[in-house]
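So the sequence lines, in the order shown, correspond to chains G and L. For the first sequence, our numbering assigns the number 334 to the last residue and increments by one with no breaks. For the second sequence, our numbering assigns the number 334 to the last residue and increments by one with no breaks. Quick reminder that beta carbons are idealized off the backbone N, C-alpha and C, glycines included. It should be emphasised that the depicted structure is a prediction, and the values quoted were computed from it without experimental measurement. Remarks on the structure that follows.
Number of protein chains: 2
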Amino acid sequence: MKIHEIGEFGFIDRISGMFRHLLLPDFLGIGDDCAIIPYNEKEDYVITTDLLIEDIHFLKHRITPGQLGYKSLAVNLSDIAAMGAEPVGSFLSIGIPAETEVEYLDALMEGYHKLSQKYKVPLLGGDTTKSKKYLTINVGIVGKCRRGKALLRSMAQSGDIVCVTGFLGDSAGGLEVLLNNLPETKDNLQLILSHHLPEPHVKEGLWLAKQSGVHAMMDVSDGISSDLMHILKASGKSAVVELDKIPVSDTLRKVTVAKGWDLDKLVTCGGEDYVLLCTVEAGSLASIKAGFKTVFSRDLIQIGRIIEGESRINWMKNSQQVVLNKHGFDHFSV
Amino acid sequence: MKIHEIGEFGFIDRISGMFRHLLLPDFLGIGDDCAIIPYNEKEDYVITTDLLIEDIHFLKHRITPGQLGYKSLAVNLSDIAAMGAEPVGSFLSIGIPAETEVEYLDALMEGYHKLSQKYKVPLLGGDTTKSKKYLTINVGIVGKCRRGKALLRSMAQSGDIVCVTGFLGDSAGGLEVLLNNLPETKDNLQLILSHHLPEPHVKEGLWLAKQSGVHAMMDVSDGISSDLMHILKASGKSAVVELDKIPVSDTLRKVTVAKGWDLDKLVTCGGEDYVLLCTVEAGSLASIKAGFKTVFSRDLIQIGRIIEGESRINWMKNSQQVVLNKHGFDHFSV
Numbered sequence: 001m002k003i004h005e006i007g008e009f010g011f012i013d014r015i016s017g018m019f020r021h022l023l024l025p026d027f028l029g030i031g032d033d034c035a036i037i038p039y040n041e042k043e044d045y046v047i048t049t050d051l052l053i054e055d056i057h058f059l060k061h062r063i064t065p066g067q068l069g070y071k072s073l074a075v076n077l078s079d080i081a082a083m084g085a086e087p088v089g090s091f092l093s094i095g096i097p098a099e100t101e102v103e104y105l106d107a108l109m110e111g112y113h114k115l116s117q118k119y120k121v122p123l124l125g126g127d128t129t130k131s132k133k134y135l136t137i138n139v140g141i142v143g144k145c146r147r148g149k150a151l152l153r154s155m156a157q158s159g160d161i162v163c164v165t166g167f168l169g170d171s172a173g174g175l176e177v178l179l180n181n182l183p184e185t186k187d188n189l190q191l192i193l194s195h196h197l198p199e200p201h202v203k204e205g206l207w208l209a210k211q212s213g214v215h216a217m218m219d220v221s222d223g224i225s226s227d228l229m230h231i232l233k234a235s236g237k238s239a240v241v242e243l244d245k246i247p248v249s250d251t252l253r254k255v256t257v258a259k260g261w262d263l264d265k266l267v268t269c270g271g272e273d274y275v276l277l278c279t280v281e282a283g284s285l286a287s288i289k290a291g292f293k294t295v296f297s298r299d300l301i302q303i304g305r306i307i308e309g310e311s312r313i314n315w316m317k318n319s320q321q322v323v324l325n326k327h328g329f330d331h332f333s334v
Numbered sequence: 001m002k003i004h005e006i007g008e009f010g011f012i013d014r015i016s017g018m019f020r021h022l023l024l025p026d027f028l029g030i031g032d033d034c035a036i037i038p039y040n041e042k043e044d045y046v047i048t049t050d051l052l053i054e055d056i057h058f059l060k061h062r063i064t065p066g067q068l069g070y071k072s073l074a075v076n077l078s079d080i081a082a083m084g085a086e087p088v089g090s091f092l093s094i095g096i097p098a099e100t101e102v103e104y105l106d107a108l109m110e111g112y113h114k115l116s117q118k119y120k121v122p123l124l125g126g127d128t129t130k131s132k133k134y135l136t137i138n139v140g141i142v143g144k145c146r147r148g149k150a151l152l153r154s155m156a157q158s159g160d161i162v163c164v165t166g167f168l169g170d171s172a173g174g175l176e177v178l179l180n181n182l183p184e185t186k187d188n189l190q191l192i193l194s195h196h197l198p199e200p201h202v203k204e205g206l207w208l209a210k211q212s213g214v215h216a217m218m219d220v221s222d223g224i225s226s227d228l229m230h231i232l233k234a235s236g237k238s239a240v241v242e243l244d245k246i247p248v249s250d251t252l253r254k255v256t257v258a259k260g261w262d263l264d265k266l267v268t269c270g271g272e273d274y275v276l277l278c279t280v281e282a283g284s285l286a287s288i289k290a291g292f293k294t295v296f297s298r299d300l301i302q303i304g305r306i307i308e309g310e311s312r313i314n315w316m317k318n319s320q321q322v323v324l325n326k327h328g329f330d331h332f333s334v
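Here you go:
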């Protein structure tokens, strides 16, 4: 059997049980955006790591080295944000083909440094080595959060409102623009920027983790159709999501109409938006939304709700249930 | 300018200063076997990461998947050992070509698990992703040690005795056997095993860190001619190393004679032995050597001494100074 037949999550399922008996108390292992290891009496550390390989995760001729350095750190900061934690240090492993220009690497490190500077997160170590052909980047990151207060995927409760902290689909739109070599219009360039320079919602995550009504949280890296399922499986719940409520940027809406793209599919299955997906106690929603608006000058957007039932997403459009299949969304039929 | 012109350490020199102003107190950043982040009142965490890429760090058809899984963790455990720390958890990022057999990965994880089990170090997280062509493995690891008691490269003092915890050169000998496709005799196989299944000196590191006379420590990954230089540069010292005192296994000695290899070069420039290199206060040496022998049933071997002066290794052979150049060791000439 080949690995592509079982996929990433199939492989993780195979190995995650193997190490559980070695876990010490106060540690959280495989299965969330980050692992948790104890820190002091008031805080925990959260740790995660992400691997980016040329021609799989990025096209070297379509992303500038500065953007690549920035994005390598951004996607990891997003995982720290998803726990409601604050980043404290990063680790960079880099496999470099021999013919790489030092100037290219300098620019890559400038992009990495710029974002490190913004969130005051030092590079603490790593590994530098040759690579045969593909530029290979692994970033590890450590954050800290209040002890026992990390927001886990397993914390969703029935009746919770499902919210996101920003637009979905822009990054996937940018990828479409790149893959189809669309002209570099202002709108197209903006979508590409969303894909290359995602802003990790670190401050949003920290703020949300302080609100007692926020239960489960994770970041949107694979698209909500996949990401929300992780919350549902970890929490043993079901969800209803209303496609009409998913926040879409004017730019994406415009380009989508012009190009005839499937908007619903882009916003649910397109990944790499790196906004946060959280579930909020219904009774606290109004005050949390008001607080979020005051602090961040934009809305925390409700897109659905958590219900009892087997782990699945019930998609609604114009108040009717629809099903997601490989061609997109269809009307629900038994 | 191409990266191969400045090399790994040239690149690290370029970036290590960029992040220093972001370091919080009690943190140690780039420059040692591990970074250090504070834990509780009694302990620190140490963290490191290592990237292994197919055809650069291993030949997939010459190392079994179980050995590869084992070695990926072993080289990181060795960095934890080098700080005098105890491993508490690991992180595995793996980039997998689509055509990889699941059975291959199962065997790889079995090797990883076997060593995890031995040192009671759980896999806490990671990343699984596609790779275009080359199997790519990044392991991150967290350890803990007594607060402020990690053994750093910068701690060597004049008059210290330079010691190693085991044979040097076996792993390099094994690599020679592999690269030259030598027949699989018992001796050759033993050298290959040293290369594929290095035993990290975790217990030795923990024990040495408890002895007050042990000053600087690191692990031998690139060969002592390179590794000891890191200690000398970090400590601002010079060293004398006596080639005759470097511990060599009977097997390596035998194969070296038969094949006409340059033994001195193998044991000083050959890497991946993953024994520990430390500097010990001269006055404590006898008792530390005696204690080491009692606990580990083998010798802590003295190979040289730390002296004042610019950071360089003064090699001695048969009481005469020799110089190391690309052809090997020559008699010293002004």
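In this structure, the beta-carbon distance from Pro198 of chain L to Leu23 of chain G does not fall below 8 Å. The shortest C-alpha to C-alpha distance from Gly126 of chain G to any of L:His21, L:Leu28, L:Lys237 and L:Asp250 is the one to L:Leu28. Bridge pairing for Phe91 of chain L: L:Gly125 and L:Gly140 [DSSP].
Within the region 210-232 of chain L, no residue places its CB atom closer than 7 Å to a CB of chain G. Inclusion of Ile307 of chain G and Val214 of chain G in the CB contact set at 8 Å is not warranted, their separation being larger than that value. Thr49 of chain L has L:Gly140 as its beta-bridge partners, per DSSP. Residue-level contact check: Thr64 of chain L does not touch chain G, since none of the beta carbons of chain G fall below 8 Å from its beta carbon.
Pro38 of chain G has G:Asp44 as its beta-bridge partners, per DSSP. Under the rule that a run must span 3 or more residues, the beta strand (DSSP E) segments found entirely inside the region 248-281 of chain L read 276-280. Taking a Cβ-Cβ threshold of 7 Å, the residues of chain L close to Phe11 of chain G are Leu105 and Thr128, in chain order. At least one C-beta of chain L is nearer than 8 Å to the C-beta of Gly89 of chain G. Distance from Val275 of chain L to His201 of chain L at the Cβ level is roughly 6 Å; contact confirmed, criterion being Cβ atoms closer than 8 Å. Arg305 of chain G sits in a strand when the DSSP states are folded into three classes.
Neighbours of Gly17 of chain G in chain L, taken as residues at a C-beta separation under 9 Å, are lacking, since the least C-beta distance is about 11 Å. Interface criterion not met: the Cβ of His195 of chain L is under 8 Å from no Cβ in chain G.
A direct Cα-to-Cα measurement between Met1 of chain L and Gly271 of chain L gives close to 27 Å. By DSSP's assignment, Leu28 of chain L forms a beta bridge with L:Ile36.
In this structure, the CA atom of Val177 of chain G is about 8 Å from the CA atom of Leu191 of chain G.
Taken atom to atom, the span from the alpha-carbon of Asn188 of chain L to that of Ile63 of chain L is near 14 Å. Annotation: the continuous beta strand (DSSP E) that includes Glu242 of chain G extends over Ser238 to Glu242.
Runs of the beta strand (DSSP E) lying entirely within the region 54-82 of chain L and spanning at least 3 residues: none are present.
The beta carbon of Asp26 of chain G sits no closer than 8 Å to any beta carbon of chain L. Using a Cβ distance threshold of 8 Å, Leu108 of chain L and Leu68 of chain L count as a contacting pair. Contact check for Ser238 of chain G against Ser131 of chain G fails: the beta carbons are separated by 8 Å or more.
Ranked by Cα distance from Gly7 of chain G, the first of L:Arg253, L:Ala74 and L:Ala98 is L:Ala98.
Taking 8 Å as the cut-off, the beta carbon of Val75 of chain G is found no closer than this to the beta carbon of Ser194 of chain G.
Between Val162 of chain L and Thr294 of chain L, the alpha-carbon positions lie close to 20 Å from each other. In chain L, no part has a C-beta under 8 Å from the C-beta of Val202 of chain G; the shortest such distance is about 15 Å. Counting only Cβ-Cβ distances below 8 Å, Asp55 of chain L has contacts in chain G at Lys132, in chain order. Residues of the region 107-122 of chain L with a C-beta atom less than 8 Å from some C-beta of chain G are Met109, His113, Ser116, Gln117, Lys120, Val121 and Pro122, listed in chain order. In the DSSP assignment, His201 of chain L falls outside any alpha helix (DSSP H) and carries neither an H nor an E. As DSSP reads the structure, Gln321 of chain L sits in a beta bridge with L:Met316.
Taking a C-beta distance under 8 Å as the contact criterion, Leu175 of chain G and Val267 of chain G do not qualify as a contact pair. Boundaries of the beta strand (DSSP E) harbouring Met218 of chain L: Val214 to Asp219, taken from the DSSP string. Within the same chain, Cβ atoms closer than 7 Å to the Cβ of Asp33 of chain L are found at Thr48, Asp79, Ala82, Met83, Met218 and Asp219, the five residues on either side in sequence being excluded.
About 30 Å separates the Cβ atoms of Asp160 of chain L and Thr251 of chain L, ruling out a contact at the 8 Å cut-off.
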